[in-house]
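Trainee: To get the working numbering, take the position in the sequence shown, counting from 1, and add 666.
Right, I'll just put the structure down here and ask away after.
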Amino acid sequence: MCSASTLAISCPEHARLETEFQEARDRMRNLMRLRRLTRSEERQLADKVAMAIARLKEHLAEHRCQRW
Ligand SMILES: [Zn+2]
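Here is the structure:
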């Protein structure tokens, strides 16, 4: 799903959303590595990642600035 083509992104909004998604995902991974998360913590973090993906997809659908 995730490509190495982030360098090719020319749309700043797309780049921002992509960064947001990656940060949310990394945060979840790091926290999970550090300690056991409670169910609600895990769900919150997963929700943020899912929301970031949804926003990114929405942007792609509307804007068509970059295909995955
Ligand atoms: Zn765009």
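Glycine included, C-beta positions come from ideal geometry on N, C-alpha and C.
Keep in mind the model is a prediction, meaning the values are calculated, not measured.
In whole angstroms, what separates the C-alpha of GLN688 from that of LEU711?
Mentor: Cα to Cα, GLN688 sits roughly 12 Å from LEU711.
Trainee: Between which two residues does the alpha helix (DSSP H) carrying LEU726 extend?
Mentor: It spans 705 to 729 - the alpha helix (DSSP H) in which LEU726 sits, taken as one unbroken run.
Trainee: I'd like to confirm something about GLU663: is its beta-carbon nearer than 7 Å to some heavy atom of ligand 1, or not?
Mentor: Examination of residue 663 is not possible in this model, given that the chain is present from 667 through 734 alone.
Trainee: Determine the DSSP secondary structure at ARG702, reduced to helix, strand or coil.
Mentor: The answer is coil: DSSP assigns ARG702 none of H, G, I, E or B.
Trainee: For ALA727, count neighbouring Cβ atoms within 10 angstroms of its own Cβ and tell me buried if that reaches 16, exposed if not.
Mentor: ALA727 should be labelled exposed.
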